[in-house]
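**Student:** Under our numbering, the first residue of the sequence shown carries the number 2, and numbering increases by one thereafter. Beta carbons: idealized from backbone N, C-alpha and C, even for Gly. Predicted, not measured: the structure shown is a model, and the values here were computed from it. Pasting in a structure now, in structure tokens, and then I'll have a few things to ask.
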Amino acid sequence: MPMPYAAGHPSWTDLATPSPDQSRAFYAALFGWEYSVAPEEYGNYATALRGGPGQSAAGIAPLPGDSDMPSAWTTYFASDDVYADAERVTGLGGQVVMAPLAVGDLGHMGLFTDPSGAAFGLWQAGRHTGAEVMGEVGSLAWLSLNTRDSAAALAFYRALLGAQSEVMTADYQVLKHGDQTFAGVYSVRPGADPPTPGWMENAPAQWVTYFMVDDTEQAAETTVRYGGRVLEAPYATPYGRMAVLADPSGAVFAVVDRPLG
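Next comes the structure, spelled out in structure tokens:
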């Protein structure tokens, strides 16, 4: 069994969607994923495999038919004790969305929001330690938090995750553990540096999951061909070409052609 991720590090990402069959087909076309679908006792949760067994990259979970939750990707950070960390979340100004619970022998999870309202998860590893592949094509490459209260969010994640932050511009900082950066925090406001993209102006605070691809333009074209939308067309940065996309169920995600951490 792979070793668990160190506490405070990104360890997993999954999609909650009302249309799991459509979502699996979409991401299979986009990233070449195959799937291992769990039995009904685990909610028919699908683990996305980037090339076969031992290559888990992400998950896709069906939303209940009566759910009013939007389709969305959720970032999970590793926790040594999700029950104790749930208390820390509330003490730091966050909220508990789903109280910690056991997922069979796979581990323990909880869902939360930070003080700016962005949702995230914590995962305490059991048999499932987290993603077996990161920073490779078809897997998690970067995370970005877009928020209108970056000061509160940064203070929260520094305390909860034991992370440090580094200023990159007046409105963009990165979170890191030692020398390893793992996420960006962007302040959404008029006149921001860098400028706020149009799709983000009225969006709620949210974590955006970036997946690595070989070709950003091709990923954008495939997204449209299979029923998704391009929210921010491919653009060049010092860290690679990126694009922000939405899948057919409306879940926002991004792609980049190199790992950023």
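Kindly indicate the opening and closing residues of the alpha helix (DSSP H) around leucine 155.
**Tutor:** 151-162
**Student:** With three or more C-beta pairs closer than 8 angstroms as the rule, is the segment 48-55 touching the segment 122-141?
**Tutor:** yes
**Student:** Output the distance between the C-alpha atoms of histidine 178 and serine 166, rounded to the nearest integer angstrom.
**Tutor:** 9 angstroms
**Student:** Can you give the Cα-Cα distance for phenylalanine 27 and proline 249, rounded to whole angstroms?
**Tutor:** 8 angstroms
**Student:** Measure from the alpha carbon of alanine 47 to the alpha carbon of each residue in Leu64, Arg25 and Leu144, then state which is nearest.
**Tutor:** Of Leu64, Arg25 and Leu144, the residue nearest in Cα terms is Arg25.
**Student:** Exposed or buried, which one is asparagine 203 when buried takes at least 16 other CB atoms within 10 Å?
**Tutor:** Exposed: under 16 other Cβ atoms inside 10 Å.
**Student:** Only counting the same chain, and skipping five residues up and downstream in sequence, which positions put a Cβ closer than 7 angstroms to that of methionine 201?
**Tutor:** Excluding its 5 nearest sequence neighbours in each direction, methionine 201 has C-beta neighbours in its own chain below 7 angstroms: Asn147 and Val189, listed in chain order.
**Student:** Which class does valine 90 belong to by DSSP, given the choice of helix, strand or coil?
**Tutor:** Valine 90 falls in the helix class under three-state DSSP.
**Student:** Identify, in the order they occur along the chain, each residue of the same chain with its Cβ nearer than 7 angstroms to the Cβ of alanine 100, setting aside the five sequence neighbours on each side.
**Tutor:** Ala87 and Gly111
**Student:** May I have a chain-ordered list of the beta strand (DSSP E) segments no shorter than 3 residues that lie completely inside the segment 229-256?
**Tutor:** As far as the segment 229-256 is concerned, its whole beta strand (DSSP E) runs of at least 3 residues are 230-238 and 241-247.
**Student:** Helix, strand or coil, according to DSSP, for glycine 127 in the structure here?
**Tutor:** In this structure, glycine 127 counts as coil in the three-state DSSP scheme.
**Student:** In angstroms, rounded to a whole number, what distance separates the CA positions of alanine 160 and serine 151?
**Tutor:** 14 angstroms
**Student:** Please state whether DSSP places threonine 223 in a helix, a strand or coil.
**Tutor:** Residue state, collapsed to three classes: helix.
**Student:** Within the same chain, show all residues whose beta-carbon is closer than 8 angstroms to that of threonine 170, passing over the 5 residues directly before and after it, in chain order.
**Tutor:** Asp194 and Pro195
**Student:** Assign serine 68 to one of three DSSP states: helix, strand, or coil.
**Tutor:** Here serine 68 carries a coil assignment [DSSP, helix/strand/coil].
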